[in-house]
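In our numbering, the protein residues as written are 2 to 303.
We treat Cβ as the ideally placed atom computed from N, Cα and C, and that holds for glycine.
Here's the structure, in structure tokens; my notes come after.
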């Protein structure tokens, strides 16, 4: 009504611009546009989970960090669901988030987990900021940043503090046939699953166990466990809501301009320590918690 109209010349309140498409089992993108911002639920679970999940990720970045969408300028949040025939993954393709439905035996649909939705959108934020190269240590950091903001999206949406959070990525993605809790555990890498078919979660939790491999772009989904644990330990030590202090430090490090695409764990650790000191003070409990987190996983800031 007129009483609630914004003052003349006032900037409109930021709002998400979600666009969900349906690939209908094909592997061509973007698929058919089926739900846009403000439209009612469609009744298609994957479409509506993607729409709601993107809203939660947008809320975290905008309301906590003042970043309006992936580019900070309100770009559309685009996602495609029902990609491929029982496709067992979700990914960021440089323009949109893409979600498979899973095979129904090992994996359910990948929109089931808000941490996975947050993970994929965060790849876009990294691409717009630090541009961490998707290989070896920089690639593991790229994956790590996505896990951080995936976990924080879930915690923010649920109002969970760091002590109550599960620190799991992809909880609810496995079917009941799988002996596992989630795809990854940030707090306890290597413990997310132990299954007869999938095997045991191979993530290392300490730098001494860093995996050198040519597979998986140099082990990006494996070695991300090391910085994941550093972040989770720092966040749990600080207590309260992880997105407020630990998350702010990581966001500052990611977007502050100090990182280069090929940077590894030691340089990233130093960037987070610098960010903590600049925001909270050299001897702050935040800086101390960050330092202890990295020390606990054997990473020396460079």
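Do residue i and residue j have their CB atoms nearer than 7 Å?
i: residue 226; j: residue 206; result: yes
i: residue 97; j: residue 174; result: no
i: residue 23; j: residue 38; result: no
i: residue 1; j: residue 148; result: Since the first and last residues shown for the chain are 2 and 303, residue 1 lies out of range.
i: residue 263; j: residue 116; result: no
Smallest Cα separation from residue i: which of the options?
i: residue 231; options: 70, 142 and 180; result: 142
i: residue 244; options: 156, 279 and 273; result: 156
i: residue 31; options: 191, 83 and 68; result: 83
i: residue 191; options: 218, 176, 25 and 223; result: 223
i: residue 121; options: 217, 63 and 79; result: 79
i: residue 26; options: 73, 16 and 86; result: 86
i: residue 74; options: 101, 103 and 16; result: 16
i: residue 298; options: 204, 242 and 241; result: 204
i: residue 118; options: 158, 136, 138 and 135; result: 158
i: residue 51; options: 36, 289, 68 and 72; result: 36
i: residue 99; options: 107, 124 and 176; result: 124
i: residue 242; options: 263, 172 and 152; result: 152
Can you list, in chain order, the residues of its chain with a C-beta nearer than 6 Å to that of residue i? Leave out the 5 residues immediately preceding and following it.
i: residue 188; result: 168 and 233
Report all residues from its chain with a CB closer than 7 Å to the CB of residue i; omit the five preceding and five following residues, and keep chain order.
i: residue 295; result: 231, 270 and 302
i: residue 6; result: Any reading at residue 6 is ruled out, since the residue's pLDDT is 48, under 50, leaving its predicted position unreliable.
i: residue 287; result: 239, 246, 250, 277 and 281
i: residue 42; result: 49
i: residue 273; result: 250, 251, 254 and 291
Take residue i and list the residues in its own chain whose beta-carbon comes closer than 8 Å to its own, dropping the five residues that flank it on each side.
i: residue 202; result: 181, 185, 186, 190, 191, 192, 193, 194 and 195
i: residue 300; result: 208, 227, 228, 231, 266, 267 and 270
i: residue 346; result: Here the chain has residues from 2 to 303 only, and residue 346 is not among them.
inquiry  = With three or more beta-carbon pairs closer than 8 Å as the criterion, would you say the stretch 254-265 touches the stretch 123-143?
reply    = yes
key: Length-filtered (3 minimum) beta strand (DSSP E) runs lying within the stretch 25-104   = 33-37, 78-84, 91-93 and 98-101
request  = Would you check if there are 3 or more beta carbon pairs closer than 8 Å linking the stretch 107-122 to the stretch 85-95?
outcome  = yes
query = Can you list the beta strand (DSSP E) stretches of 3 or more residues lying completely in the stretch 94-154, in chain order?
reply = 98-101
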